[in-house]
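In what follows, a single structure is set out as structure tokens and then discussed.
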Amino acid sequence: MQERILLIIDQDFYLAGETINFFAVTLDAGLQIPIAFSSIMYVELYDQDNKVIASKKVLFKDGEAINSIDLPRDITTGHYYIRAYTNYMKNFGPSVFFTKRLKIVNPFVPYIATLADTLSRYEHQTVL
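1049 is the number of the first residue of the sequence shown in our numbering; add one for each residue after it.
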């Protein structure tokens, strides 16, 4: 059996200081059915340099969890990632962790575009 986490978040775009609300369920990776295997999940928000910005340890009840994680008020504008995993999932490496990309905007901190941000705007355009 391989355990997976499905993390459902309330949106993909946040402002600094807001709260990310989420619902999580553990699934059997092969059968894609809910299971109650692990009792603790780790949720982390990290930046493009893999630096953890916020983290939380969440208790599962019957394989499900409802919780939230607060965004720092001083977070800079950019793309971030939220990941969720259990201790058991760490045996198989980060490729089995739940990961989702988020956009976070801080209207009070000046935004400095990076090369990665500039390139991502053009990655879906076709050159004729």
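Beta carbons: idealized from backbone N, C-alpha and C, even for Gly.
Check	Outcome
In chain order, which beta strand (DSSP E) runs of at least 3 residues are fully inside the region 1073-1100?	1088-1094
Report the option in P1155, I1053, S1086 whose CA atom is closest to the CA atom of K1109.	S1086
Mark A1132 as exposed unless 16 or more other C-beta atoms lie within 10 angstroms of its C-beta, in which case mark it buried.	buried
Smallest Cα separation from N1057: which of L1063, T1067, M1049, G1078?	Note on residue identity: the sequence assigns Ile, not Asn, to residue 1057. Comparing Cα-Cα distances from I1057 to each of L1063, T1067, M1049, G1078, the minimum goes to T1067.
In this structure, how does DSSP classify V1157 when only helix, strand and coil are distinguished?	coil
Between which two residues does the beta strand (DSSP E) holding F1061 run?	1061-1063
Which first and last residues belong to the beta strand (DSSP E) in which Y1133 is found?	1126-1133
Could you pull out every residue in the same chain whose Cβ sits closer than 8 Å to the Cβ of I1053, ignoring the five residues on either side in sequence?	A1072, V1073, T1074, L1075, M1089, A1132, Y1133, T1134, M1137, F1145, F1146
What residue range does the beta strand (DSSP E) around R1052 cover?	1051-1057
What is the DSSP secondary structure of F1140, reduced to helix, strand or coil?	helix
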